[in-house]
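**Student:** Protein chains in written order, with our numbering: chain E, 1 to 254; chain A, 1001 to 1221. Glycine included, C-beta positions come from ideal geometry on N, C-alpha and C. None of these values were measured; they are calculated from a predicted model. So that we are looking at the same thing, I have put the structure below in structure tokens.
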């Protein structure tokens, strides 16, 4: 579903992703863990086209994201091409990024109406169903500032799902939350992971959660994927020295 | 001081009242043009292609680094040379609009940059078009800082309109100078002109405050 082929991301001389090869199968739930500065969030950001890459190719569903095939030659992707591929992806941000001047419902119907061409009635029906699914049916008319962090993040998840993506990208979805609100957001993500309807890429510091929901966990360090494996192996029997250090520090802290 | 009320009421006020229409018209039209022109300039200036952004940036620099009066004369005497003959009022409005659109462009740029980057990123992640991104997300959120700044330019344009008297536009300043030289009496005409500008500026400032409060109320909950 997703394949990184020798992807290079650099800010000037600083290489954040170094010839990264990485892939995710359709329907797979993959967690990315690693210390800050390891490039794990960058993986999601370049995939969502929030940042460009300096080398390599990213494939989504077999099609290159940043280039396109014109008469057998790979050329710079057009806007239309990028938008078509991007429609398969949805992203949930660490800081929610809800539109503050719109209600929860308006946040969830804006893009379905104007990007997917739904009628307002259809969009409202779908958004209402999704808000109900994340447990916020009664908050549809509330503005983000009137909601708690956990509620805002659940609205953000509903807003992302309303676009019917095939791949969900979660960028540290609980890192900006007060501890007592982490559970309600994780429970929504857990349901999505278990539904099997989405390919999920989750960047997280919640090791217990990553272990619980993931099919595979990848450890990133200094712009490279250093180790990957099923959660039991990776957490239970880490081979890489950096991963061992990282895990012991994280466990110490919790 | 020699002040004649009969002269003020019978000659000065009616003629200045007429000229006030020209002043307000020039202000409103050039302000509206500057609002649109500023947005266009800002979009050109922040365009990805240097072939577009560089000329826009240079244009803004040139306009901002030269006096408005020079620009008015420039258009007034230069346009006929290249075969475009416009009425003085139109030329004046054009000059005011161009000058102020470069200032408005900066206001827009600052306003849009004040919108957190996460908002732009959410629009990308939701696959929204550039048009919808600006119209529904960025512009509404940048209005609270933009509205009062643009309002100040409305008042500024209003106070710049006397410059049009240099190219004989029959606005308030020109008419009061004419009255003065026709009757050899400047006191009443210039005073009335001054009072008119004062009153209108205060009214405009009051209206801008109302609009500002309305925008803040309807966007920030």
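(1) Which residue marks the beginning of the beta strand (DSSP E) containing residue 338 of chain E, and which one marks its end?
(2) Taking DSSP as the reference, what is the three-state secondary structure of residue 1132 of chain A?
(3) If you measure beta-carbon to beta-carbon, which residues of the region 1052-1074 of chain A are closer than 9 angstroms to chain E?
(4) Nearest to residue 40 of chain E by CA position, among E:60, E:55, E:16 and E:58, is which residue?
(5) Would residue 173 of chain E pass as an interface residue toward chain A - the criterion being a Cβ-Cβ separation below 9 angstroms?
(6) Quick one, which of E:142, E:164 and E:13 has its alpha-carbon nearest residue 155 of chain E's?
(7) Hey, how far is the Cα of residue 944 of chain A from the Cα of residue 1031 of chain A?
(8) Checking contacts by CB at 9 angstroms: is residue 68 of chain E closer than that to chain A?
(9) Would the region 60-67 of chain E count as touching the region 1098-1116 of chain A if we require 3 or more Cβ pairs under 8 angstroms?
(10) Does chain E have any CB closer than 9 angstroms to the CB of residue 1109 of chain A?
(11) Residues of chain A with CB under 9 angstroms from residue 86 of chain E, in chain order?
(12) Pick from A:1185, A:1203 and A:1206: whose alpha carbon is nearest that of residue 1003 of chain A?
(13) Could you tell me which chain E residues have their CB closer than 8 angstroms to the CB of residue 1219 of chain A, listed as they occur along the chain?
(14) Run through the DSSP bridge pairs and tell me what residue 1083 of chain A is partnered with.
(15) Any idea what DSSP makes of residue 26 of chain E, helix, strand or coil?
(16) Who are the near neighbours of residue 99 of chain E in its chain, counting only those whose CB is closer than 6 angstroms to its CB and skipping five residues on each side?
(17) Let me know if residue 1009 of chain A comes out buried or exposed under the rule of 16 or more other beta-carbons within 10 Å of its beta-carbon.
(18) Since residue 1119 of chain A meets chain E, which of its residues come closer than 8 angstroms, beta carbon to beta carbon?
(19) Taking the alpha carbon of residue 1206 of chain A as the reference point, which residue from A:1180, A:1148, A:1157 and A:1182 has its own alpha carbon closest?
(20) Ends of the alpha helix (DSSP H) at residue 198 of chain E?
(21) Which of the three DSSP states is assigned to residue 1090 of chain A in this structure?
(22) For a contact defined as C-beta to C-beta under 8 angstroms, what are the partners of residue 114 of chain E on chain A?
(23) According to DSSP, which residues form a beta bridge with residue 58 of chain E?
(24) According to DSSP, residue 176 of chain E sits in a beta bridge with which residue or residues?
(25) Going by DSSP, what residue range makes up the beta strand (DSSP E) through residue 1115 of chain A?
(26) List the residues of chain E whose Cβ lies closer than 8 angstroms to the Cβ of residue 1213 of chain A, in chain order.
(27) Give me the Cα-Cα distance between residue 9 of chain E and residue 47 of chain E, rounded to the nearest whole angstrom.
(28) On a CA-only basis, which of A:1180, A:1188, A:1208 and A:1051 is nearest residue 1145 of chain A? Give me that one, please.
(29) Helix, strand or coil: how does DSSP classify residue 10 of chain E here?
(30) So who's on the other strand from residue 224 of chain E, going by DSSP bridges?
(31) Could you pull the start and end residues of the beta strand (DSSP E) that residue 76 of chain E belongs to?
(32) Would a check of beta-carbon distances place residue 93 of chain E closer than 9 angstroms to chain A?
(33) So residue 92 of chain E is in the beta strand (DSSP E); what residue range does that whole segment cover?
(34) Between residue 1027 of chain A and residue 1158 of chain A, how many whole angstroms is the CB-CB distance? I'm expecting something under 8 angstroms.
(35) Going along chain A, which residues have a C-beta under 7 angstroms from residue 111 of chain E?
(36) Using alpha carbons as the reference points, say which of A:1036, A:1189, A:1212 and A:1034 lies closest to residue 1007 of chain A.
**Tutor:** In short:
(1) The displayed coordinates of chain E run from 1 to 254. Any statement about residue 338 of chain E would go beyond what the structure contains.
(2) helix
(3) none
(4) E:16
(5) no
(6) E:142
(7) The requested residue 944 of chain A does not occur in the structure, where chain A is confined to residues 1001 to 1221.
(8) no
(9) no
(10) no
(11) 1124, 1125 and 1127
(12) A:1185
(13) 101
(14) DSSP, once it has assigned bridges, lists no residue as partnering residue 1083 of chain A.
(15) coil
(16) 107
(17) exposed
(18) 97 and 99
(19) A:1148
(20) Taken as a continuous stretch (DSSP letters only), residue 198 of chain E belongs to no alpha helix (DSSP H), as it is neither H nor E.
(21) helix
(22) 1128, 1129, 1132 and 1136
(23) E:4
(24) Its beta-bridge partners do not exist; DSSP assigns none.
(25) Segment: none, residue 1115 of chain A is in no beta strand (DSSP E) and carries neither H nor E.
(26) Within 8 angstroms Cβ-Cβ: nothing; residue 1213 of chain A doesn't reach chain E, min ~16 angstroms.
(27) 11 angstroms
(28) A:1208
(29) strand
(30) E:221
(31) 73-76
(32) yes
(33) 89-92
(34) 5 angstroms
(35) 1126, 1127 and 1128
(36) A:1189
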